[in-house]
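Asker: Count the sequence shown with our numbering and you get residues 20 to 87, in order. Have a look at the structure that comes next, please.
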Amino acid sequence: MAIYYLVRHGKHNYDSVSGKNFIGHGLELAPLTDEGVNQAIECSRKLLEEGCDVIITSPYTRAMQTAA
20 MAIYYLVRHG
30 KHNYDSVSGK
40 NFIGHGLELA
50 PLTDEGVNQA
60 IECSRKLLEE
70 GCDVIITSPY
80 TRAMQTAA
């Protein structure tokens with residue numbers, strides 16, 4: 020039986036991309052904060068314990084950082 024885990028990205032920082040004149044909103048480029056990186060590390064430990072085989076993520080920077 021397959022088990023699916025849905026994980027939201029870690030805490031991010033919109034301030035790092037606001038006002039930089041990106042085409043479009045540019046909010047998809049917002050990276051994780053240090054706290055968000057720590058959240059992602061803790062989440063990955065739990066998923067490794069469960070035996071997660073596949074990770075699927077959106078192309079947003081914060082989502083890819085969380086998945087990495």
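In this text, a Cβ means the ideal position worked out from N, Cα and C, and glycines have one as well. Just so you know, these numbers come straight off a predicted model, no measurement behind them.
Quick check on the DSSP output: the alpha helix (DSSP H) that includes cysteine 62 runs from which residue to which?
Answerer: Taking the first residue of the sequence shown as position 1, residue 62 is located at position 43. Taken as a continuous stretch (DSSP letters only), the alpha helix (DSSP H) holding cysteine 62 covers 53-69.
Asker: Per DSSP, what are the beta-bridge partners of histidine 28 in this structure?
Answerer: As a working mapping, residue 28 is identified with position 9 in the sequence shown. Note: histidine 28 sits in no beta bridge, so no partner.
Asker: By the 10 Å Cβ neighbour count, where 16 or more other Cβ atoms means buried, how is arginine 27 classified, buried or exposed?
Answerer: On the sequence shown, residue 27 is found 8 positions in, with the first residue counted as 1. Arginine 27 should be labelled exposed.
Asker: Taking the alpha carbon of serine 35 as the point to measure from, which residue in Glu68, Thr85 and Thr80 has its own alpha carbon closest?
Answerer: Residue mapping note: residue 35 aligns to position 16 of the sequence shown, counting from 1. Among Glu68, Thr85 and Thr80, the Cα nearest to that of serine 35 is on Thr80.
Asker: Quick check on the burial criterion: 16 or more other C-beta atoms within 10 angstroms. Buried or exposed for glycine 55?
Answerer: For the purposes of this step, residue 55 is taken as residue 36 along the sequence shown, with counting starting at 1. Result: buried.
Asker: Just tell me which of Tyr33, Ala21 and Ala49 has its CA closest to the CA of glutamine 84.
Answerer: If you number the sequence shown from 1, residue 84 lands on position 65. Comparing Cα-Cα distances from glutamine 84 to each of Tyr33, Ala21 and Ala49, the minimum goes to Ala49.
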